[in-house]
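Since the structure comes first, as structure tokens, the remarks are kept for the end.
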Amino acid sequence: MTNGSTTHNQKVSGSKIIGKYLKNLPENPGVYRMLDRGGEVLYVGKAVNLRKRVTNYSKFSGHSLRTIKMIELTCSMMFLTTRTETEALLLEQNLIKQLKPKYNVLLRDDKSFPNILVSKTHAFSQIKKHRGKRSEKGNYYGPFASAGAVNRTLNQLQKIFMLRNCTDAQFNNRSRPCLLFQIKKCSGPCVGKITENKYSAAVKDAEDFLKGRNSSIQEKLALQMHQASKKLDFENAAIIRDKIHALTQIQQHQGINPKGVPEADIIAIHQEGNSACVQVFFIRGHQNWGNKAYFPQTGNGAEIQEILEAFIVQFYGNKTPPKRILLSSKLENTELVEHLLSKKSSYKIKISYPQVGEKAILVENARRNAEEALARKNSEHANQTKLLKNLAIALKIKTPLNRVEVYDNSHIQGTNAIGGMIVSGPDGFIKNAYRKFNISPSVAQTGDDLAMMKEVIYRRFSKLSSIDPTRSNEAWPDLMIIDGGAGQVSAVAEILSDLGLNDLNFIGIAKGEERNAGKELFYKLKEKPFSLRHTDPTLYFVQRLRDEAHRFAIGAHRAKRKKSNFRSPLDEIKGVGQFRKRSLLSHFGSVKAISRADLKDLQSVEGISNKLAKNLHDFFHEAK
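Start counting the sequence shown at 4; every next residue gets the next number (the working numbering).
Below, the structure is given as structure tokens:
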């Protein structure tokens, strides 16, 4: 792979500047970048033949309006040659993910999907939810579309097969059965309530179900229920009946379960103007394991083939693809994408476009869902845009409000203090942009809400200013809403002034008389407080934003408080990490016993040096 770039007079742009690169370009596969006057990347593209591809851009005719606009803005280009077209495709997607160019298709959701793992690290297998790399020994089933779907399935599987979900360490240290055994969600292998052979048979049944062999399991359970009834063992028969019911519930929740498709991802796209929705259905073991809608950024009007190809390559960047992918629209480079995905996997990937039969029905169902999801989103977007426009008018802000940040703090008398920031835009709440701030104890202990807000604002904008001093990033807010009145507004103004950010728009919102909703007062710097009509939709919108900030902040505070309740005094001792803590507790049995131990006993623990033993002893014993 080689790297090359050329700079030209920044006053020249468009097809003329592009044409000047042609004489030095090779006829090799590679990746090109188109840059604007400020050096920002407009577009990243791949090419089988760099010279041929760039030649097309040097001709002004035969392009879409989107491409014409992109060419007009181009002031310079950069090039990277590769050995193969597959390498070029992979490099292109890596650069798109890194640079986020304006005219490229961008998949903004990059989360991994949850799986069900039947662990094989122990004679009595554990069943649990798993995310991320499949490094643990065991059998993986997934992906599921959501954590909720995994949790529901696991809950029902525990009712049916009574498999353990405790860790190996918890299993090995049990002396009596846990609550799950009492409520008949675990067979109690940790205390010998079931033999290894019987437990292994239950594990096999659970895995057969996850593989789609559920009819045989239902038949087996029905036979067991019948036999129990014949023996007048009605209690056991009722338990088995509940298991059959739980099995049926899972199947009902799954909806469409195709008989002719054992494993596939079904991907369909619907486009309207400059917006598109991609719907993904997961079929595993002849079962529908959920679906998810994506709304990729379409690069100012990209065509369906480009959107779908970019989506697939980016989507499977950190996910394991199935052996078969069914698509609603043909890709421009089907074989290339197949080769790339097969190269990343240990097996051959097949992309197909079914026209008739069960597979075609599945694809059409996914496409219809994509159409409906896009219609809902466009409707919500229109409403949200209108609310943001009305809010700007109410606050006399002339610029559009594409990003609104709302701040709130939560604490109890200064303990476990948390600052919360939520973000909203034309598409609603932007939850991946939410931030929480652990307020320093020295500030929190004072109980001074103004000082806490100052710290949150300072940390937020000092970091943002250092990362993006030119303020070209979309992370800068068009409006900040502060939970509080005149005092909070003055405190925020002071911090922003110190940072040289006097032009940022911000307001405070405080409850009015008797802290009743509908009587809120709005505070702007050096202006009298004002209110909105209690039936004004804009007021309802602001209330919704404030309530979301409050929910997020108090949730983070409660999580921090809960965590602190379970903190051990050992956490406060420098040099005592998880391994040494485990060694100490295994040796002595409890923190109380550690606190009573003499120096020699502490020194005898594996992994505890003489120096650390002295620190431990000194921590628990006052100097005499």
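Ideal placement from N, C-alpha and C gives every residue a C-beta, glycine not left out.
Starting from residue 273, follow the beta strand (DSSP E) in both directions and report where the run begins and ends.
Counting from one through the sequence shown, the residue named residue 273 turns up at place 270. It spans 266-275 - the beta strand (DSSP E) in which residue 273 sits, taken as one unbroken run.
Chain-order list of residues whose beta-carbon lies under 6 Å from that of residue 189 (same chain, five-residue window excluded)
Working through the sequence shown from its first residue, we reach residue 189 at position 186. 165, 167 and 183.
Cβ distance (whole Å) where residue 224 is taken to contact residue 243 below 8 Å:
The sequence position of residue 224 within the sequence shown is 221, counting from 1. The sequence position of residue 243 within the sequence shown is 240, counting from 1. 6 Å between Cβ atoms; contact.
Would DSSP call residue 298 helix, strand or coil?
Stepping through the sequence shown from its first residue, residue 298 is reached at position 295. Note: residue 298 maps to coil in three-state DSSP.
What separation, rounded to the nearest whole angstrom, lies between the Cα atoms of residue 203 and residue 429?
Mapped onto the sequence shown, residue 203 falls at position 200. Mapped onto the sequence shown, residue 429 falls at position 426. When only Cα atoms are considered, residue 203 and residue 429 end up about 52 Å apart.
Can you name the residues that DSSP bridges to residue 355?
Residue mapping note: residue 355 aligns to position 352 of the sequence shown, counting from 1. Secondary-structure assignment with DSSP links residue 355 through a beta bridge to 329.
Considering residue 63, what are the terminal residues of the beta strand (DSSP E) in which it resides?
For the purposes of this step, residue 63 is taken as the residue at position 60 of the sequence shown. Neither: residue 63 is in no beta strand (DSSP E) and is coded neither H nor E.
By the DSSP assignment, the alpha helix (DSSP H) with residue 378 in it spans what residues?
For the purposes of this step, residue 378 is identified with residue 375 of the sequence shown, where counting begins at 1. 360-397 is the extent of the alpha helix (DSSP H) around residue 378.
Out of 543, 174, 130 and 100, which has the shortest C-alpha to C-alpha gap to residue 321?
Position 318 of the sequence shown, counting from 1, holds the residue named residue 321. Closest in C-alpha terms to residue 321, from the list 543, 174, 130 and 100, comes 100.
If you count every other CB in all the chains shown that lies within 10 Å of the CB of residue 556, and 16 or more means buried, which is it?
Locating residue 556 in the sequence shown gives position 553, where the first residue counts as 1. Per the 10 Å Cβ criterion, buried.
Local conformation of residue 608 per DSSP, three classes
Position 605 of the sequence shown, counted from the first residue, corresponds to residue 608. Reduced to three states, the DSSP call for residue 608 is coil.
Check residue 133 in the structure and name its three-state DSSP category.
Stepping through the sequence shown from its first residue, residue 133 is reached at position 130. Strand, per DSSP.
State buried or exposed for residue 40, treating a residue as buried only when at least 16 other CB atoms are found within 10 Å of its CB.
Along the sequence shown, read from residue 1 onward, the residue named residue 40 stands at position 37. Looking at its Cβ environment, which holds fewer than 16 other Cβ atoms inside 10 Å, residue 40 is exposed.
Residue 621: buried (16+ other C-beta within 10 angstroms of its C-beta) or exposed?
Residue numbering aside, residue 621 sits at position 618 when the sequence shown is read from its first letter. Flag for residue 621 reads exposed.
Opposing strand residues paired with residue 424 [DSSP bridges]:
Reading the sequence shown from its first residue, position 421 is the one you call residue 424. Note: residue 424 sits in a beta bridge opposite 410 and 438.
Is the beta carbon of residue 145 closer than 8 Å to that of residue 122?
By 1-based counting over the sequence shown, the position of residue 122 is 119. By 1-based counting over the sequence shown, the position of residue 145 is 142. Going by C-beta atoms, residue 122 is not nearer than 8 Å to residue 145.
If you run the structure through DSSP and keep just helix, strand and coil, what is residue 126?
One-based indexing of the sequence shown puts residue 126 at position 123. In the structure shown, residue 126 adopts coil according to DSSP, grouped into three states.
Check whether the stretch 349-359 and the stretch 485-497 are in contact - that is, three or more C-beta pairs closer than 8 Å.
Too few Cβ pairs lie closer than 8 Å, so no.
Between residue 379 and residue 405, what straight-line distance do the alpha-carbon atoms span, to the nearest angstrom?
To locate residue 379, count along the sequence shown from 1; it is residue 376. To locate residue 405, count along the sequence shown from 1; it is residue 402. Spanning the two alpha carbons is a distance of roughly 20 Å.
Taking DSSP as the reference, what is the three-state secondary structure of residue 164?
For the purposes of this step, residue 164 is taken as residue 161 along the sequence shown, with counting starting at 1. Of the three classes helix, strand and coil, the one that applies to residue 164 here is helix, per DSSP.
Just mark residue 498 as buried or exposed, buried being the case when its beta carbon has 16 or more other beta carbons within 10 Å.
For this step, residue 498 is matched to residue 495 along the sequence shown. With a 10 Å radius around the Cβ and a threshold of 16 neighbouring Cβ atoms, residue 498 comes out buried.
Sufficient close CB pairs (3 or more, under 8 Å) joining the stretch 369-389 to the stretch 339-355:
Remark: fewer than three beta-carbon pairs, one from each stretch, lie closer than 8 Å, so the stretch 369-389 and the stretch 339-355 are not flagged as touching.
Give every residue of the same chain whose Cβ lies closer than 8 Å to the Cβ of residue 465, excluding the five residues on either side of it in the sequence, and list them in chain order.
Stepping through the sequence shown from its first residue, residue 465 is reached at position 462. So the list reads 502, once near-sequence residues are dropped.
When burial is assigned at 16 or more other CB atoms within 10 Å of the CB, is residue 536 buried or exposed?
Taking the first residue of the sequence shown as position 1, residue 536 is located at position 533. Residue environment: residue 536 is assigned as exposed (fewer than 16 neighbouring CB atoms within 10 Å of its CB, all protein chains considered).
If you count every other CB in all the chains shown that lies within 10 Å of the CB of residue 9, and 16 or more means buried, which is it?
On the sequence shown, position 6 is the one that residue 9 refers to. Interpretation of residue 9 is limited by its pLDDT of 49, a score under 50 that renders its predicted location unreliable; the figure taken from the coordinates is listed afterwards. Counting every other CB atom within 10 Å of its CB across the protein chains shown gives residue 9 a total below 16, marking it as exposed.
Nearest to residue 59 (by Cα), restricted to the options 23, 364 and 200
By one-based count along the sequence shown, residue 59 stands at place 56. Of the listed residues, the one whose Cα sits closest to residue 59 is 23.
Would residue 307 and residue 272 be called neighbours here (beta carbons separated by less than 8 Å)?
Along the sequence shown, one-based indexing puts residue 307 at 304. Along the sequence shown, one-based indexing puts residue 272 at 269. In this structure, the beta-carbon distance from residue 307 to residue 272 falls below 8 Å.
At a cut of 8 Å, does the stretch 390-398 reach the stretch 296-303 through at least three beta carbon pairs?
No: the two stretches stay apart, fewer than three of their Cβ pairs being nearer than 8 Å.
Ignore the nearest five residues each way along the sequence and tell me which others in residue 413's own chain have a CB closer than 6 Å to its CB.
Within the sequence shown, numbered from 1, the residue matching residue 413 stands at position 410. Once the five neighbours on either side are set aside, the close Cβ partners of residue 413 are 421, 556, 557 and 560.
Under the three-state DSSP convention, the category residue 638 falls into
No answer is possible for residue 638: it lies beyond the span of the chain, which begins at 4 and ends at 627.
Segment limits, beta strand (DSSP E) that includes residue 141:
For the purposes of this step, residue 141 is taken as the residue at position 138 of the sequence shown. DSSP places residue 141 inside the beta strand (DSSP E), whose first and last residues are 141-144.
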